[in-house]
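Chains as they are written, first to last, in the working numbering: chain A, 163 to 394; chain B, 163 to 394. We put the beta carbon where it would ideally sit given N, CA and C, even for glycine. Report on one structure; see the data block that follows.
Protein chains: 2
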Amino acid sequence: MRAADLKQHTDTRERILDAAEALFVEHGFEATTMRMITGRAGVNLASINYHFGSKEALIQDVFRRRLTWLNEERLNALDRFEKEAKGAPLKPHQIVEAFFGVSLRMAADTERGGHTFMRLLGRTYTEPTAFVRQFLADEYAAVVPRFKQALFRSLPDVPPEEILWRFHFMLGAMSYAIGGTDALQLVAEYELDEKDPGALARRLMPFLLGGLRAPLAGQAVKSKEKTPRKAA
Amino acid sequence: MRAADLKQHTDTRERILDAAEALFVEHGFEATTMRMITGRAGVNLASINYHFGSKEALIQDVFRRRLTWLNEERLNALDRFEKEAKGAPLKPHQIVEAFFGVSLRMAADTERGGHTFMRLLGRTYTEPTAFVRQFLADEYAAVVPRFKQALFRSLPDVPPEEILWRFHFMLGAMSYAIGGTDALQLVAEYELDEKDPGALARRLMPFLLGGLRAPLAGQAVKSKEKTPRKAA
DNA sequence: GCTCGTTTCAAACGATTGTTTGAATCATAC
DNA sequence: GTATGATTCAAACAATCGTTTGAAACGAGC
């Protein structure tokens, strides 16, 4: 392909993907029509089907173009920490940094569209559309086991099930942190001032680690029982 | 209205609301069609318009029938704690219990439909549909200021903005806890065994309180600085 | 039983949707 | 310039959607 071809080819596709991405955030998958996308991208209606085949495939491509990279970055970060640790278990904050920190940095990128994408991703974790869920499961197939193992090793005294639940809660907190400006408006009743893209990470990470390391419900009770026994 | 009228009147409406509620959880608002709802409820297509006027109004009624009650319960719980405290600020765990604990108990109610509703609500906080968002804002108008004030008094050393952000993160964690079985499957790769409806609260509350009370990013740094000074 | 208001019914409506089609245009190689 | 594949175009298609319509059925009061 010549440079001119590559440019033209890339241009229409990218414009469609960008427009779709933004509209999916604003309106959701179903309520975003192909005509809305073509209108925003300035392309012909049939071009979407030509380049992507179907709306469903377009949705998947919107995710694939960034999510594959995101999950690779997560694994890379985990690899780096593990290399430094030389076989020892990682600290919780390292694992949280590798998974959530990478996401937050992407979400802070307003120039290259990472912000929009992460907002969309945050909403998509609980998306009821079956093919979207299946697609996500496929994309995360290589990542999730690695992080689970790392967490299990990092927190050997915490039952694996509890770890998974807490990871799940953390996912919810991050999704809202990134994408839930609507819910934030509900809570704050006005738009919180957020000029510094890095501020979100500084706010969220302590919260996540605090939750992850919080004593389990059963442990807190046991700790109190042990104290009186020592006194006796 | 006679008892027979009330029964018939209530029956069709309730069946529509129940069917809609369940389908909205499964498919989302847009992808759930009126014909799907009538099929599940066993009523005629025109009956929905007769009883509710429009799909949009039906959506709102699905929420209104339980959300109004839920928010009243939250305020009642807060009132009780405040009465016991006799003017003193509440403890964080009391406020968290009043807001999130009430939600979790409703979510644990699988017999009267609370579980389905809370799953739907959890998804709806980040719902892009504008009228849904506006509706939620109206429904929460009386609740949010009360809880904010209580939290500000409970945590006087924490800047209000940080409190709001953390409340927002907590909302995300709870939403996933309640509604995000899809995201949970993504993390766990299988359905976590959850026989005891109360187990979710025992898992989530320590997480929420841990996150809420976690040292702020700036404070953790300051604490370390103070320690060496005392030694010197 | 009759009247009247309520509720349900089946069919239809107008609009919208994702997809398809065949032609025109574009871009590249020879 | 010609041929060919790639890309875009406007129109059309079939299906679906929420809503409406007028009639039928139902239920309650007299």
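How is phenylalanine 191(A) classed by DSSP in three states: helix, strand or coil? coil
Given a threshold of 16 other Cβ atoms within 10 Å of its Cβ, counted over all protein chains shown, does tryptophan 327(A) qualify as buried or as exposed? buried
When Gly215(B), Glu192(B) and Arg226(B) are compared against aspartate 180(B), the one with the closest alpha-carbon: Arg226(B)
Interface positions of the region 288 to 300 of chain B facing chain A (Cβ-Cβ less than 8 angstroms), listed along the chain: Thr288, Glu289, Pro290, Thr291, Arg295, Leu298 and Ala299
Alpha helix (DSSP H) segment containing glutamate 235(B), residue limits: 217 to 247
Below 8 angstroms CB to CB, which residues in the same chain sit around arginine 281(A) once its five sequence neighbours on both sides are set aside? Val187, Ala269, Ile340, Gly341 and Thr343
Output yes or no for whether 8 angstroms exceeds the beta carbon distance between leucine 370(A) and glycine 373(B). yes
Count the other C-beta atoms from every protein chain shown that fall within 10 angstroms of the C-beta of lysine 392(A), then say buried if there are 16 or more, exposed otherwise. Reliability of the predicted coordinates at lysine 392(A) is poor, the pLDDT of 31 falling under 50, and no value is obtained from them.
Considering only C-alpha positions, which residue in the set Gly275(A), Gly276(A), Asp241(A) and Asp271(A) is nearest to glutamate 259(A)? Asp241(A)
Just verifying my parser: in three-state terms, what is the DSSP assignment at asparagine 276(A)? The question names asparagine, but residue 276(A) in the sequence shown is glycine. Helix, per DSSP.
Considering only their Cβ atoms, is the gap separating proline 368(A) from leucine 378(B) smaller than 8 angstroms? yes
Quick one, which residues of the region 311 to 338 of chain B are near chain A if we go by CB-CB under 9 angstroms, in chain order? Glu323, Glu324, Leu326, Trp327, Arg328, Phe329, His330, Phe331, Met332, Leu333, Gly334, Ala335, Met336, Ser337 and Tyr338
In chain B, which residues lie less than 8 angstroms from proline 251(A) when you measure between Cβ atoms? Those do not exist, as proline 251(A) stays about 20 angstroms from chain B at its closest Cβ, beyond 8 angstroms.
Can you check whether the C-beta of aspartate 180(A) is within less than 8 angstroms of a C-beta belonging to chain B? no
Considering only residues of the same chain and omitting the five flanking positions on each side of arginine 375(B), which have a CB-CB separation below 7 angstroms? Pro254
Consider the Cβ of leucine 348(A): report whether some Cβ of chain B lies at a distance smaller than 8 angstroms. yes
In whole angstroms, give me the CA-to-CA distance for methionine 198(A) and glycine 190(A). 12 angstroms
Among the candidates Arg175(B), Gln222(B), Ala219(B) and Phe262(B), whose CA atom is the shortest distance from the CA of asparagine 233(B)? Phe262(B)
Please classify glutamate 244(B): is it buried, with 16 or more other beta-carbons within 10 angstroms of its beta-carbon, or exposed? buried
Cut-off 7 angstroms between Cβ atoms - residues of its own chain near phenylalanine 293(B), not counting five sequence neighbours on either side: Glu218
Can you check whether the C-beta of alanine 345(A) is within less than 8 angstroms of a C-beta belonging to chain B? yes
CB contact below 8 angstroms: valine 306(B) versus chain A: yes
By Cβ distance, which residues of its chain are closer than 8 angstroms to isoleucine 106(A), with the 5 residues on each side in sequence left out? No answer is possible for residue 106(A): it lies beyond the span of chain A, which begins at 163 and ends at 394.
For a test of the three-state rule: what should DSSP assign to alanine 376(B), helix, strand or coil? coil
Does the Cβ-Cβ distance between arginine 236(A) and valine 264(A) come in under 8 angstroms? yes
Quick one: measure Cβ to Cβ for leucine 366(A) and alanine 335(A), integer angstroms, because I've assumed they're closer than 8 angstroms. 7 angstroms
Report the three-state DSSP secondary structure of asparagine 211(A) (helix, strand or coil). helix
Here's the rule: buried if 16 or more other CB atoms are within 10 angstroms of the residue's CB, otherwise exposed. What is threonine 389(B)? Bear in mind that the predicted position of threonine 389(B) carries a pLDDT of just 31, short of 50, making it unreliable; the figure below should be weighed with that in mind. It is exposed - the Cβ of threonine 389(B) has fewer than 16 other Cβ atoms within 10 Å.
For chain A, is any of its Cβ atoms less than 8 angstroms away from the one on alanine 260(B)? no
Environment of glycine 276(A) [buried if 16+ CB atoms lie within 10 Å]: buried
What does glycine 190(A) reach in chain B if we use C-beta pairs closer than 8 angstroms? Gly190, Glu192, Glu289, Pro290 and Thr291
Where does tyrosine 212(B) land, buried or exposed, given buried means 16+ other C-beta within 10 angstroms? exposed
Using the Cβ count rule (16 or more neighbours within 10 Å means buried), how would you classify glutamine 222(B)? buried
Identity of the residue in Thr195(A), Val305(A), His330(A) and Val205(A) nearest glutamate 176(A) by Cα: Val205(A)
Flag glycine 263(A) as yes if its beta-carbon sits less than 8 angstroms from any beta-carbon of chain B, otherwise no. no
Please classify leucine 326(A): does DSSP put it in a helix, a strand, or coil? helix
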